[in-house]
Amino acid sequence: MKKYDVTGIGNALVDIEFKVKDQFFADNGVEKGLMTLVDEDRQNALMQVINTEQAKKQCGGSAGNTVIALSQFGGKSYYSCKVANDELGHFYMNDMNDAGVSHNLNESNLAEGITGKCLVMVTEDAERTMNTFLGITETYSTADVDEVAIKDSQYLYIEGYLITSENGKQAMIHAKKTAEENGVKVALTFSDPAMVKYFKDPMAEVIGASVDLLFANEEEAMTFTGKDNLLEAREELKKVAKHFVITQGKNGAMIFDGDTFIDIEPYATTAIDSNGAGDMFAGAFMYGITNGHSYASSGKLASMASSKIVSQYGPRLQWHEAKDILAKLNP
């Protein structure tokens, strides 16, 4: 029996989420709908023109959100990450504790520097735009990978955002090798269209021969495979992933279970914030497949959870909401 269902590695970021009008992007030179890496001065300049008192603050990062989601459904998760010995670093560590996620952080190993922050700007069309200052997590490397936790997990979950630095890429490769050498399955998420658009070759290097499970949205799947339609893209993905999930927004998702494709229906909702929807889908899905559910049942759970998350602000469910969703799955 493994100690953890999933160990995740990724960028530890404190998410600061707030609402904006489209005019905000024009006025401040922000590219809508993407995750853009910025330096601290640029991020601070943006923070000067927003109402931070009304912003919502939570520990996050893509893989962080996913392992928290898994924990909320009752799974056992671990997060290997890096924050600084500053106010936000302590906030991040304590928030992870409150979320029930085990991690590699403690008072004695917080690094000197600045904890990363992600400004999450949500518009009235529910789209999220992110400007991220990585801070100390930009130095995440093979030395920060917790091999012990990986070996004691059913799955390793790798966040695609790590691909933006050479040390991050090497950490991804090292973690994947550690998992494979110890019979641990490997899941990877592309994280964002920009990661496969600008870092396609490094991402392919990380994937190597294949991964056990891949998460992508439609745009990411087509961009990575170089195909202009989803039917061709999904056939290409079979070459690099034994199983995969392609999320399709309001149209639900499709899953390749290794033999056949499974269409996952969407659940009716009124979307107000898409931030964290993919992370939630991955967390709920991985909870399912590591806790006795079929791929179809896990996809249904993930679809229910992501439809709930886009109907409210922020990337995290309340604990009672996760229990309610599980009750609907297993009436």
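Count the sequence shown with the UniProt record's numbering and you get residues 1 to 331, in order. Built from N, CA and C at the ideal position, the CB exists for glycine as well.
- Counting C-beta pairs with one atom in each stretch, the segment 308-317 and the segment 148-163 have fewer than three that are closer than 8 Å, which means they do not touch.
- Distance from L134 to I16 at the Cβ level is roughly 14 Å; contact not present, criterion being Cβ atoms closer than 8 Å.
- In the structure shown, the three-state DSSP call for Q170 is helix.
- As the crow flies, the alpha-carbon of V245 is around 18 Å from that of D228.
- Per DSSP, the beta bridge partners of N217 are T247.
- Every alpha helix (DSSP H) stretch that sits fully inside the segment 5-84 and reaches 4 residues is listed by chain position as 22-28, 40-48 and 62-72.
- For E159, DSSP records a beta bridge to T189.
- Shown here for H103: same chain residues with a beta carbon closer than 6 Å to its own, the five before and five after excluded, namely Y79 and M96 in chain order.
- I50 places its beta carbon 8 Å or farther from that of F25.
- Its chain contains A233 and E236 as the residues whose beta carbon lies nearer than 6 Å to that of T225, once the 5 sequence neighbours on both sides are disregarded; these appear in chain order.
- Here the alpha carbons of R42 and N65 stand approximately 25 Å from one another.
- The continuous alpha helix (DSSP H) containing V206 extends over residues K200 to I207.
- Its chain contains F133 as the residues whose beta carbon lies nearer than 8 Å to that of D39, once the 5 sequence neighbours on both sides are disregarded; these appear in chain order.
- Burial check for M130: the Cβ neighbour count within 10 Å reaches 16 or more, so the residue is buried.
- By the neighbour-count criterion, in which a residue is buried when 16 or more other Cβ atoms sit within 10 angstroms of its Cβ, M172 is buried.
- The beta carbon of E218 is closer than 7 Å to those of L230, I246 and Q248 in its chain, skipping five residues each way along the sequence.
- With 16 or more other CB atoms across the displayed protein chains lying within 10 angstroms of its CB, T223 is buried.
- K176 and V186 have their C-alpha atoms some 7 Å from each other.
- M203 has its alpha-carbon roughly 25 Å from the corresponding atom of V148.
- With fewer than 16 other CB atoms across the displayed protein chains lying within 10 angstroms of its CB, T260 is exposed.
- The Cβ-Cβ distance between F281 and S298 does not fall below 8 Å.
- For H243, the number of other beta carbons within 10 angstroms of its own is at least 16, and it is reported as buried.
- Listed in chain order, the non-local C-beta contacts of I272 below 6 Å within the same chain comprise A126, local neighbours out to five positions each way being set aside.
- Collapsing the DSSP output to three states places I264 in a strand.
- When C-alpha distances from M121 are compared across L317, Y287, N275 and D192, the shortest belongs to N275.
- Rounded to the nearest whole angstrom, the CA to CA distance from L34 to S191 is 11 Å.
- If you look at M286, you'll find it in the alpha helix (DSSP H) that goes A277 to I289.
- Under the three-state reduction of DSSP, H293 is assigned to coil, being neither helix nor strand.
- The Cβ atoms of I114 and A84 sit closer than 8 Å to each other.
- Around L329, the same chain offers L301 as residues with beta carbons nearer than 6 Å, after the five sequence neighbours per side are excluded.
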